[in-house]
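Right, one structure below, let's go through it.
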Amino acid sequence: MNGPPLELPWLVLGGTLTFDGVALVFLASTALAWTSAGWAALLYMRNDPQRGRFMAFFALAMASSLLAAIAGDPITFFLAYSVLGLAAYPLVAHRRTNRAVRTARWYLVFMLGGEGALLAAILLAADTSGASTFPVAIASVGVSILVALGLGVKCGVPGLHVWMPATYAAAPWPAAVALAGGTVGVGVLGFLRFGLVTPSSAVSHDVWIVLGATGAVLGVVRGLVRREPERILAYSSVSQMGVALAVLGFGAAGGADTTSLALAVAAFVAHHALAKASLFMGVGAVRGGTALGGRRDHPVLIAMVAIPALALAGAPLTSGALAKSAITSAVGSPELDCFLLVSSAATAALMLHFLASLVRMSRAGDAARSLGGSVMAPWWLSVMAVALGAWVWPAFRSMAADALRPSVIMNGVPPLAIGALMWAALALGGWKGTRRVSIVDRTAGRVGSGLSGWIESRREVRPDLSHLSAGTRRKARYLTARGVAAVATLDRRVGTWTLTGSLLLGLVLALRVLL
Amino acid sequence: MSWIDLLPPFILASSLIPGVMIFLLPESRHDLRTTLNMASAVVKVVAVGMLLAVVAGGRTPEWRWPLVPGVELLLQADELSLLFVTLSAGLWLVTTVYAVAYLEGSPQRSRFFGFFSLCVSATVGIALAGNLFTFLFFYEILTITTYPLLVHRGTRRALAAGGRYLAYTLSGGALLLVGTAWLFALAGPVDFVPGGGAIDELSRTRPTELRLIFALLVGGLGVKAAIVPLHGWLPVAMIAPAPVSALLHAVAVVKAGVFGIVRVVYSVYGVEAAGELGVLPWLAAFATATILFGSLRALVQDNLKRRLAYSTVSQLSYITLGVALANPLAFTGAIVHLVHQGLMKITLFFCAGNLAETLEVHRVSEMRGVGRRMPWTMGAFTISALGMVGVPPVAGFVSKWYLGAGALQAGHGWVVAVLVVSGLLNAAYFLPILKTAWIDTPARPWPERPEGRRLETAWMLLFPTLVTALLSLLVGLLAAAPFSPLAWAHRIALTVFAP
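So the protein sequences, as listed, match chains A and B.
When we follow our numbering, the leftmost residue of the first sequence carries the number 5, and every step to the right adds one.
When we follow our numbering, the leftmost residue of the second sequence carries the number 16, and every step to the right adds one.
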């Protein structure tokens, strides 16, 4: 079903669209996530006076996100990537509260920094390899780092993820659905396209494994100490993208077949995109006051959230199980199996924590804001997409058959059980975000802040500078002010007469030489 | 001499003669003056189109007129001059439409439009100049004819800015004159040849003098090209009426300086000689300093036009930097940025003019929520601003890509860092404007539109703005198409670098 690449010789500097297996998986999953998000946005924002503007930028972001999926060369990818980054800004800032605008600003700072790094990387890669279409083989460590910085901001590589939780919490939830479902995976797609993690890549695969595993752990630990469902989901994204990165690293270490590994990772990212979109949809619907039979914690509603949550945890017969078994058979290394066991268990615990906090939110009176429009229809669509999407996708047929073997199904149970036990231990230890602090809570909290405290400030909006001493910060501010003033002074000093005077002096000297 | 050799002087005359006629018109003949203006602008565009076809066919029309023995005015149309002529003619047309609307009802319009036409004639003369003397001739005319436009309003601040402008540009012109004369004394009349080479011999025998001449020439041109520290007149000159600022920042004055630098490096000295003399690294260093300096200064300006002016200072030096890198790709980037920067910057100044004219908004801090009152204007502003930052697919990205790729090819990796940092600085001073305009809520309600007006401002103000904004998007989006400015710049690079 893969189509030939489509050449667009007129586009910017000559573009290519590719339709290989990976591109199609990304295209389909991204399109599904954006469709349900767009549908929800239309319903949810029916009474919003700024709906037109929101939908315009929504459409622009969607178009660029779809373009990124099928971009066949670095420049087209960069085009999609940078337009996506910018077009999402008005979506994040849509509510125009101080908090939303400040969050959106930091979001943009991260995106622009990433884009700058990516542009430099693409330039350098084009100069050294001369390849104008994907895949690009990146030979130098420096360029690899630049690419990783550029793509890492989007998919929340640990350290570059700090914008994510606040952004998802600040954006109107249809935008969060779109961002979580439609854009996070673009980063991982870039890792695949730029061939950053291959057996022959410049940076050792161990680095990617460590980076990915750090993200996986960090995301879960930080997520477990949050209470806001949106933030928990954001940290879950950090964790899942970490898993994807680690899988790439394991694959490179084991010398896995590139094509099947890429397809397996694409399946994983697509599954994550659909599940995460559906989860955000559930949170938005519940927060928005959706109720069945007068109950906001109606079992059907909770079940609709539980399906994607279970899928994310890799429960048997879900898309998560399919992605996991695809990865296992593509890489085939015992270390990875062990890693996946741990990460699935951790994700299961995180998802239970998420469900618990969602139920708590639905029961809390203060969250019952009445917002326009029932979003049941798009919500159903997104749940169906999670439940069925991966199983009916033609390219995944062999993976599906694999995932339905009894032994694989049985293997999917232990991580869930372990995760459930972990969560139960935490919950019994009084972990509901109450003031009663258990030993487990305290320990996990310490580990969490130890891991990430120095890069995240309390608000989780910007990098934390508080661990710098007050003197250093004062000095930095002073130096900045001095620098700005010095530039201004220079500008003033180059006054008309000084300048023309020196020009005339030069003239006289020249004439003296000449005559 | 065939008819095609008469095209260059005809193009020159197509604005010179109407310009003189406009001076003679009484102030009240508004319609006749407008008709004359528009007709000459259209005629010029058509003539330039014909010339473009002739040059694309591989011919080089030239027209010589001996002034004194040994010194002749030479108008010739090679690929490089055509690029600049097309840009001037095209943007002159849109700016004329804009200026007619902008100055509606203001006094002294005959004087204004007369000098306006002369100014464009001088620009076209600079573009078509075939030797250094002709270039100098029109360069000085440009200096003089721009002054009345700058001080058009006649306020004390305008006059002060005009004085500063004259002090800078006349001393720059003096340097250029001495440099030209010196080179003439050494090498005789030097015609512009693609790739240079006329003084190869001299660069071996008398390198020091040629270095000094280079410094004089580029020092003189650098005043108009606003290279730090010669840029002081430009931010002050933003006092001029919006159409003047637009033309001044996009084609007329600043571009004349940059175009002169291109001519000196590539058509007089040639890449090889300039490389041997070791003058290009200096040029690159000054250009880099200017790029960063302009952006840093733009960050702290609240006056919108002043911020745009510092942005011009910075963006112009992209061109100078590309010239100094002496590499086919970087040269292509520089040449194409000549066009791209013109389109984007003229849009930005049109927008600034629209805001000032419609809502009396002059400062960034006054722009809160203006996007809702003037969505089309701010839409055009947004496109161009993003282009300046270098977001694809707007034009600025294409220039930047070529500059970066050329720099790497020439082994100057640091340029990529400069480009990225400058892009981020651009973002830091353009994106807050967009945020203020689109996201913030207005401090007070905007004045309503007058009865019966369906557009957000006069259509003759809005239409040129949208046209140039659309063009800056299209030349980037379709950069790889066969008739884009980029394709033409490629062609120029081929003539310059492939002997």
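Note that beta-carbon positions come from the ideal geometry of N, C-alpha and C, so glycine has one too.
In this structure, does DSSP put A:Asn-6 in helix, strand or coil? coil
Out of B:Thr-510, B:Thr-451 and B:Thr-392, which one is the CA nearest neighbour of B:Arg-378? B:Thr-451
Give a yes or no on whether the C-beta atoms belonging to A:Ala-317 and A:Met-285 are separated by under 7 Å. no
Stretch-stretch touch, CB-based, cutoff 8 Å, three pairs: the stretch 293–303 of chain B with the stretch 380–389 of chain B: The count of Cβ pairs closer than 8 Å, one atom from the stretch 293–303 of chain B and one from the stretch 380–389 of chain B, stays below three, leaving the stretches out of contact.
What are the uninterrupted segments assigned as alpha helix (DSSP H) that are 4 or more residues long and contained completely in the stretch 310–381 of chain B, given in chain order? 319–340 and 343–374
Taking all protein chains shown into account, decide if B:Leu-187 is buried (16 or more other Cβ within 10 angstroms of its Cβ) or exposed. One point to set straight first is that residue 187 of chain B is Gly, not Leu, in the sequence displayed. With 16 or more Cβ atoms within 10 Å of its Cβ, B:Gly-187 is classed as buried.
Listing by chain order, which chain B residues have their CB less than 9 Å from the CB of A:Pro-13? Ala-495 and Ala-496
Ignore the nearest five residues each way along the sequence and tell me which others in B:Ser-103's own chain have a CB closer than 7 Å to its CB. Val-135, Thr-138, Val-139, Ala-142 and Val-266
If you measure beta-carbon to beta-carbon, which residues of the stretch 312–336 of chain B are closer than 7 Å to chain A? Under the 7 Å Cβ criterion, the stretch 312–336 of chain B contributes Arg-312 and Val-315.
Report whether the distance from the Cβ of B:Val-268 to the nearest heavy atom of the ligand NAP is below 6 Å. Judged by which ligands are present, the structure shown has none, so any question about the ligand NAP falls away.
For the candidate residues A:Pro-139, A:Gly-163 and A:Leu-122, whose alpha-carbon lies nearest to that of A:Gly-146? A:Leu-122
Taking all protein chains shown into account, decide if A:Glu-119 is buried (16 or more other Cβ within 10 angstroms of its Cβ) or exposed. buried
Taking just the CA atoms, how far does A:Leu-278 sit from A:Val-390? 6 Å
Within 10 angstroms of its Cβ, does A:Val-414 collect 16 or more other Cβ (buried), or is it exposed? A small fix is needed here, since residue 414 of chain A is Met in this sequence, not Val. So A:Met-414 counts as exposed.
Using a Cβ-Cβ cut-off of 6 Å (strictly less than) and excluding sequence neighbours within five positions of A:Ala-84, which residues of its own chain qualify? Ser-68, Leu-71, Ala-72 and Ala-75
Within chain B, partners of A:Leu-508 - CB distance below 7 Å: Ser-186
By Cβ distance below 6 Å, which residues in the same chain neighbour B:Ala-425 in space, the five residues on each side in sequence not counted? Correct list, in chain order: Leu-340 and Asn-342.
Which chain B residues are close to A:Ala-174, counting only those with a beta carbon under 9 Å from its beta carbon? Correct list: empty, because the minimum Cβ distance to chain B is about 13 Å.
Taking a contact to mean a Cβ-Cβ separation below 7 Å, would you say A:Ala-91 touches A:Leu-116 in this structure? no
Pairwise C-alpha distance: B:Tyr-180 and B:Trp-248: 5 Å
So, for B:Thr-149: in the same chain, excluding its five sequence neighbours on each side, which residues have a beta-carbon less than 6 Å away from its beta-carbon? Leu-88 and Leu-89
Under 9 Å Cβ-Cβ, which residues of chain B neighbour A:Leu-344? Here the premise fails: no neighbours, minimum Cβ distance about 38 Å.
So, is the C-beta of B:Pro-500 closer than 7 Å to a C-beta in chain A? no
Looking at the strands, I want to know which residues DSSP matches up with A:Leu-19. At residue 19 of chain A the sequence reads Gly, which differs from the Leu that was named. DSSP output for A:Gly-19 lists A:Leu-12 as bridge partner(s).
Cβ-based neighbour list, B:Arg-383, same chain, cut-off 6 Å, excluding 5 preceding and 5 following: Thr-451, Asp-455, Pro-457 and Ala-458
Three-state secondary structure (DSSP) of B:Arg-469: coil
Rounded to a whole number of angstroms, what is the C-alpha to C-alpha distance between B:Phe-346 and A:Ala-350? 55 Å
Segment contact, 8 Å Cβ cut-off, at least three pairs: the stretch 96–114 of chain A with the stretch 38–48 of chain A: no
Work out the CA separation of B:Leu-434 and B:Leu-423 for me, nearest whole Å. 12 Å
If you pair each beta-carbon of the stretch 257–266 of chain A with each one of the stretch 226–237 of chain A, do three or more pairs fall below 8 Å? no
Residue ranges of each alpha helix (DSSP H) run of no fewer than 4 residues wholly in the stretch 249–333 of chain A, ordered along the chain? 262–291 and 303–317
Any beta-carbon of chain B closer than 7 Å to the one on A:Leu-47? no
Could you run through the stretch 64–90 of chain A and flag, in chain order, every residue whose CB is less than 8 Å away from some CB of chain B? Ile-79, Phe-82, Leu-83, Ser-86, Val-87 and Leu-90
Same chain only: Cβ atoms within 6 Å of A:Gly-505, ignoring 5 sequence neighbours per side: none
I need the straight-line Cα distance from B:Leu-22 to A:Ile-149, nearest angstrom please. 55 Å
Closer than 9 Å, Cβ to Cβ, to anything on chain A: give me those residues from the stretch 396–430 of chain B, in chain order. Taking 9 Å as the Cβ-Cβ cut-off against chain A, the residues of the stretch 396–430 of chain B that qualify are Leu-401, Val-404, Gly-405, Val-406, Pro-407, Pro-408, Phe-412, Val-413, Lys-415, Trp-416, Tyr-417, Gly-419, Ala-420, Ala-422, Leu-423, Gln-424 and Gly-428.
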